[in-house]
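Counting from 1 along the sequence shown, just add 1 to a position and that's the residue number in our numbering. We treat Cβ as the ideally placed atom computed from N, Cα and C, and that holds for glycine.
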Amino acid sequence: MYPDHTPHPSAQRAVEVHNPTPLPPAAVAPAPVVPVQPSTVPAVASIVLPDGRVVTGYAIDPAQPEPVAAKPAVSRTAVNVALGGVGFLAVCGGLLLLTSFIAALTAFITQLIILAAVIFGGWIAVQIFSTSGQQGSTTVNIRKAVFKRNHFHG
Numbered sequence: 002m003y004p005d006h007t008p009h010p011s012a013q014r015a016v017e018v019h020n021p022t023p024l025p026p027a028a029v030a031p032a033p034v035v036p037v038q039p040s041t042v043p044a045v046a047s048i049v050l051p052d053g054r055v056v057t058g059y060a061i062d063p064a065q066p067e068p069v070a071a072k073p074a075v076s077r078t079a080v081n082v083a084l085g086g087v088g089f090l091a092v093c094g095g096l097l098l099l100t101s102f103i104a105a106l107t108a109f110i111t112q113l114i115i116l117a118a119v120i121f122g123g124w125i126a127v128q129i130f131s132t133s134g135q136q137g138s139t140t141v142n143i144r145k146a147v148f149k150r151n152h153f154h155g
């Protein structure tokens, strides 16, 4: 309504009512019969419409959604953390073995050096304390040497 209380111009038009006209059933030739295996014959469904017509057709199975992939019982993150821990333990074990090997190698080399020093020191001791009667040896009497003003006079 307008402010002067007159009806809107579209309200003055006549209302038209349309009723649908039903279609007469068409003469349908029967479809040729195709032999079908008995196990694959789908179910036939008939529906009666409100006007009395019967619609017959095959029942359509509802579309089945694709199965959702089942989630694993353990998350991938947990598996990755566990594998990382196992790898870390393996590396630590290897490092422990490596340090043990280095320590053993160091001890072995130290023992070889000590053994060489003992053998070489024994050989020097034998050379010094052996009898001087051997030929080809030079005897130096250090007591005869004279030191004067930090100079050696032999």
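Residue range of the unbroken beta strand (DSSP E) whose run includes residue i
i: T57; result: V55 to Y59
i: A46; result: V45 to V49
Limits of the unbroken alpha helix (DSSP H) element including residue i
i: S101; result: R77 to F130
Supposed close pair residue i, residue j - CB separation, criterion 8 Å
i: Y59; j: V45; result: 6 Å
i: P26; j: R54; result: 7 Å
i: D52; j: P21; result: About 10 Å; that fails the 8 Å criterion.
Contact test: residue i Cβ vs the ligand COA heavy atom, cutoff 6 Å
i: A105; result: Inclusion of the ligand COA in the displayed structure is not the case, the ligand content being empty and no account of it being possible.
Proximity test, Cβ basis, 7 Å: residue i and chain B
i: A117; result: This model lacks chain B altogether, as it is built from one protein chain only.
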